[in-house]
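S.K.: Those letters in the sequence shown? Residues 475 to 557, by this note's numbering.
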Amino acid sequence: MLMNRERLLRRLQILDFAIQETALFLNSHPKDKDAMQYYQNALRERKSIAGDFERCYGPLTNRDNQSESWEYIKGPWPWERED
475 MLMNRERLLR RLQILDFAIQ ETALFLNSHP KDKDAMQYYQ NALRERKSIA GDFERCYGPL
535 TNRDNQSESW EYIKGPWPWE RED
């Protein structure tokens, strides 16, 4: 699934929100199988989309740098973006 940078970032925001809200729900409903399945599916989708983003645009955060060099600083900074 190829999306442009903004759409990938927006999808990651949506998934991060859904994952956090579902985790809070599971704190009070730990045996809810549907919620747990939803949570696991959202985690898988987030991992996949984050991987797509990082392959195309580099690491999302400095913690995601998997290279032998410091890839996080390559490319334009947010204020240097070409829109």
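C-beta atoms are modelled at their ideal positions from N, C-alpha and C, and glycine is treated no differently.
Remember, predicted model here, so these are calculated numbers, not experimental data.
In the DSSP assignment, find the unbroken alpha helix (DSSP H) run with residue 534 in it and report its ends.
M.R.: The residue labelled residue 534 in the question sits at position 60 within the sequence shown. Here residue 534 belongs to no alpha helix (DSSP H), and DSSP marks it neither H nor E.
S.K.: Going by beta carbon distance, what residues of the same chain come within less than 8 Å of residue 496, once the five residues before and after it are set aside?
M.R.: Counting from one through the sequence shown, the residue named residue 496 turns up at place 22. Here the set comprises 509, 512, 513 and 516.
S.K.: To the nearest angstrom, how far is the alpha carbon of residue 554 from that of residue 507?
M.R.: For this step, residue 554 is matched to residue 80 along the sequence shown. For this step, residue 507 is matched to residue 33 along the sequence shown. C-alpha separation (whole angstroms): 45 Å.
S.K.: In whole angstroms, what separates the C-alpha of residue 483 from that of residue 527?
M.R.: Position 9 of the sequence shown holds residue 483. Position 53 of the sequence shown holds residue 527. Answer to the nearest angstrom: the Cα atoms are 8 Å apart.
S.K.: Once DSSP output is grouped into helix, strand and coil, what is the label at residue 478?
M.R.: Counting from 1 along the sequence shown, the entry for residue 478 is found at position 4. Residue state, collapsed to three classes: coil.
S.K.: Classify residue 507 as helix, strand or coil using the three-state DSSP reduction.
M.R.: The sequence position of residue 507 within the sequence shown is 33, counting from 1. Residue 507 falls in the helix class under three-state DSSP.
S.K.: If you drop the 5 nearest sequence neighbours on each side, which residues of the same chain put their C-beta closer than 6 Å to that of residue 521?
M.R.: Residue 521 sits at position 47 when you count from the first residue of the sequence shown. Excluding residues within five positions, none has a Cβ falling inside 6 Å.
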